[in-house]
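Chemist:
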Amino acid sequence: MRTTARLISFAGLGLTLLPCLLLFRGIISWETHTQLMFAGMLCWFVFAPLWMKSGRS
Amino acid sequence: MRSGKRASLTERLDSLYEFDREPVKEQSLQGIGNFIGMYAGEHVAGTEFVIGPLFVVHGVTAGDLFLGLIVGNLLAVLSWAFLCAPVALKTRLTLYWQLRKICGPYLTAIYSIVNALMFCFLAGAMIAVSATAVGLPFNMPMPGLTDIYPNSVSWVLIVFLVGFVVTGLAILGFEKFSHFSKICAPWMFLVFVAAGIAVLPQLGCHSPGDFWRVANEKIWTGIPLQGQTKFTFWHVMFFAWFCNMAMHIGMADMSILRYARKWYYGFASVFGMFFGHFAAWICSGILCAAAKGSVAPGPIAYLGAGVTGAVCVVIAGWTTANPTLYRAGLALQVATPDWKRWKVTLVAGTVTTIAACFPALVMRLLDFVALYGLILMPMGAVIFADFWLLPRLGLKSDFAAETGVSINWAAAVSWLVTLGLVMLFPLEIFFKGLPGWFIVVILYILLSFIQQKRTNSGSIPLEA
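Protein chains in written order, with the numbering used here: chain A, 31 to 87; chain B, -7 to 456.
(1) Could you compute how far the alpha carbon of A120 (chain B) sits from the alpha carbon of A377 (chain B)?
(2) How long is the line joining the alpha carbons of G(-4) (chain B) and E14 (chain B), rounded to whole angstroms?
(3) Could you work out which residue in B:G290, B:G214 and B:M134 is closest to D56 (chain B) when comparing CA atoms only?
(4) Which residues, in chain order, does the segment 142 to 155 of chain B contribute to contact with chain A at a C-beta distance below 8 Å?
(5) Closest to F430 (chain B) by CA distance: which of B:A77, B:G242 and B:L46 is it?
(6) Would you say M67 (chain A) and P49 (chain A) are within 8 Å of each other, going by their C-beta atoms?
(7) Can you give me, in chain order, the residues of the segment 299 to 310 of chain B that have a beta carbon less than 7 Å from any beta carbon in chain E?
(8) Which residues in the same chain have their Cβ closer than 6 Å to the Cβ of L52 (chain A), if we skip the five residues on either side of it in sequence?
(9) Anything in chain A within Cβ reach of K174 (chain B), meaning under 7 Å, just list it in chain order.
(10) Is there at least one Cβ from chain A nearer than 8 Å to I189 (chain B)'s Cβ?
(11) Looking only at C-alpha atoms, which of B:R319, B:Y257 and B:V69 sits nearest to S104 (chain B)?
(12) According to a CB-to-CB cut-off of less than 9 Å, which residues of the segment 45 to 58 of chain A neighbour chain B?
(13) Quick one: Cα of F360 (chain B) to Cα of Q90 (chain B), how far?
(14) Does the CB of L192 (chain B) have a neighbour CB from chain A at under 8 Å?
(15) Figure out for me which residue from B:R250, B:T312 and B:P216 has the closest Cα to the Cα of A162 (chain B).
(16) Which residue marks the beginning of the alpha helix (DSSP H) containing H63 (chain A), and which one marks its end?
(17) Given a limit of 7 Å on CB to CB distance, which residues of the segment 61 to 76 of chain A reach chain B?
(18) Measure the C-alpha to C-alpha separation of E34 (chain B) and G25 (chain B) and round it to an integer number of angstroms.
(19) Report the three-state DSSP secondary structure of E3 (chain B) (helix, strand or coil).
(20) DSSP state of T39 (chain B), grouped into three classes?
(21) What number of angstroms, rounded off, separates the C-alpha of G425 (chain B) from the C-alpha of V433 (chain B)?
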């Protein structure tokens, strides 16, 4: 479960950064870029808390 | 008699006690990950969207900007690691309790109240920046550059909503907001970078090889806007170094770094300075150029990243306001020793939220940040001199704790005289801190020598 959450949240970070590079190269539109970033944000904030532990153990 | 439900809530809040008034215990120390997350989160703030455009407006050249940011941010990291962290680890106390041992309860109370008010206003500015982004989808009228008072009911409502959340998180304590920052930090950094890259084609940059040409010709052109002073390498370097002067040289981050296992956790600030300030100021400068000189945080972020950009501004404001409000709570706690921290933080949060309703707080942010660092810095220099230099010169540290005096006049005079002197210097405000630090240290050593000589001769009795 934690591994799956970790993979999906890292995919969210990928969806945050990669679209701007595709936009920069003229491969996708600005609308697609913002939609993919939004999806990346959801992935990160839903799945990252499942595996990122609080500091005090 | 209190009701059971109320007592239970109070007991739960009281259990959030975090060794504020005594050295942090071994089992409460935190790993370096928490410090990386906190510094990265705290220094990727909504206000970076204001500071980055400032360099564009003041006509700094691209070369001066990059070099100035590298040197200035490096000096800031070194200040955290070599000035603040070692004292924090050796004392394990907050700045305020360490000051109380040196300066006595009265001077510490005065300093704490000044400090807390500064922190409240700073957190208020962060809340206001977040509110500009929260208001975007509601077509909320944005406050203008010359606005002093709230310009609409919706502005006040949104500021109070943001203030409520920020205060709640600050009450939950260091571990809770550190965890929140830790989750947000990597995502926020990527949003800043992505937004900057996304608008580069609008400026005529279509390949990495175009960047330096576009940077010089379209972004950091070296020509200030009409009515603005020209910024050089020195402006950028001192700005980058001293914009958090109260935190590192001023020792405010003793309150945070006292939880560190090793002194070199102070280097965790590199994530705030380089992944935060350095990247965020460059990206917001690019966004400002693409937005044809607009500096409003919400719209600028939206231009580069859509809704995600606006959400990033909101969260960036929160993650900065939370630790700032936490520090304000700690500072005020010294002035109100019978109050629990949650209650003090609640009062500080309420004051902060009310202050955030006034747009003048944001519009004058740069002047305020410079002044706030300068006012608080001298007490950090006093701690440095007291902790490291006085024992080597045969003088006693912790004068107030040793003698039981209410005010250490050596510290009080050093603080006030230095502030008076640097204000007379014909320098821009960000250049006053460096000579000011040396003046405080020299004054404090000289005055401590006189004070302790009088004490030893019997004028002031030493406590048994």
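Every residue gets a Cβ at the ideal spot worked out from N, C-alpha and C, and that includes glycine.
Modeler: Quick look at the numbers:
(1) Approximately 37 Å between the Cα atoms of the pair.
(2) Confidence is the limiting factor: at G(-4) (chain B) the pLDDT is only 45, short of 50, which leaves the residue's position unreliable, though a coordinate-based value still follows. In this structure, the straight-line span from the alpha carbon of G(-4) (chain B) to that of E14 (chain B) is close to 30 Å.
(3) Considering only alpha carbons, the answer is B:G214.
(4) Within the segment 142 to 155 of chain B, no residue qualifies.
(5) With distances taken between CA atoms, F430 (chain B) lies nearest to B:G242 out of B:A77, B:G242 and B:L46.
(6) Yes; because the gap between Cβ atoms is below 8 Å, this pair is in contact.
(7) No chain E is part of this structure, whose protein chains are labelled A and B.
(8) Closer than 6 Å at Cβ, skipping near neighbours: I58.
(9) M82, listed in chain order.
(10) Yes, its Cβ sits closer than 8 Å to a Cβ of chain A.
(11) Of B:R319, B:Y257 and B:V69, the residue nearest in Cα terms is B:R319.
(12) Listed in sequence order: T46, L47, L48, P49, C50, L51, L53, F54, R55 and G56.
(13) Using only the alpha carbons, I get a separation of about 26 Å.
(14) Interface criterion met: the Cβ of L192 (chain B) is under 8 Å from a Cβ in chain A.
(15) The residue with the shortest Cα to Cα distance from A162 (chain B) is B:T312.
(16) Element bounds for H63 (chain A): W60 to W81.
(17) Listed in chain order, the positions of the segment 61 to 76 of chain A with a beta carbon within less than 7 Å of a beta carbon of chain B are H63, T64, M67, F68, M71 and W74.
(18) One C-alpha to the other measures close to 14 Å.
(19) Summary for E3 (chain B): the model assigns pLDDT 46, below 50, so the residue's position carries little reliability; its value from the coordinates is reported in the next sentence. Note: E3 (chain B) maps to helix in three-state DSSP.
(20) Coil, per DSSP.
(21) If I take the Cα positions, the gap works out to 12 Å.
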